[in-house]
Amino acid sequence: MGALGNLVPLVILFAVVAGMGWIGYQIYLYTNELTDRGIHKLEKKNVVFTKDGAKVGVKELKAEDYADKTQRAFVKTWNAAKEDGKP
34 MGALGNLVPL VILFAVVAGM GWIGYQIYLY TNELTDRGIH KLEKKNVVFT KDGAKVGVKE
94 LKAEDYADKT QRAFVKTWNA AKEDGKP
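Residue numbers for the sequence shown follow our numbering, so the first one is 34 and each next one is one higher.
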């Protein structure tokens, strides 16, 4: 019984170390998954990370589309100002 009694603390130590290792591994897996999700979301917004840094892609906007959006915003502002009842 004496030799078996000496092994109990060792078994407890191994169990604690194994439990901490498992928790560390789960944290590692979660952080990798979180990183992949973040990169995927940023790639949808045209942001790409490389070794040189982050590169932002700019969406092409034609002059006609820009003029249409500007005019639409101006008309909405004009109409909102006229709805107050003042000329």
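Glycine residues also receive a C-beta, built at the ideal position from the N, C-alpha and C atoms.
Where Val41 sits in the DSSP three-state scheme: DSSP places Val41 in helix when its eight states are reduced to three.
Identity of the residues DSSP links to Gly138 by a beta bridge: The structure shown does not extend to residue 138, since the chain is modelled only from 34 to 120, so the question has no answer here.
First and last residue of the uninterrupted alpha helix (DSSP H) at Val108: Judged by DSSP secondary structure, Val108 falls within the alpha helix (DSSP H) whose first and last residues are 96-115.
Coil, strand or helix - Lys92 by DSSP: Lys92: coil per DSSP, three-state reduction.
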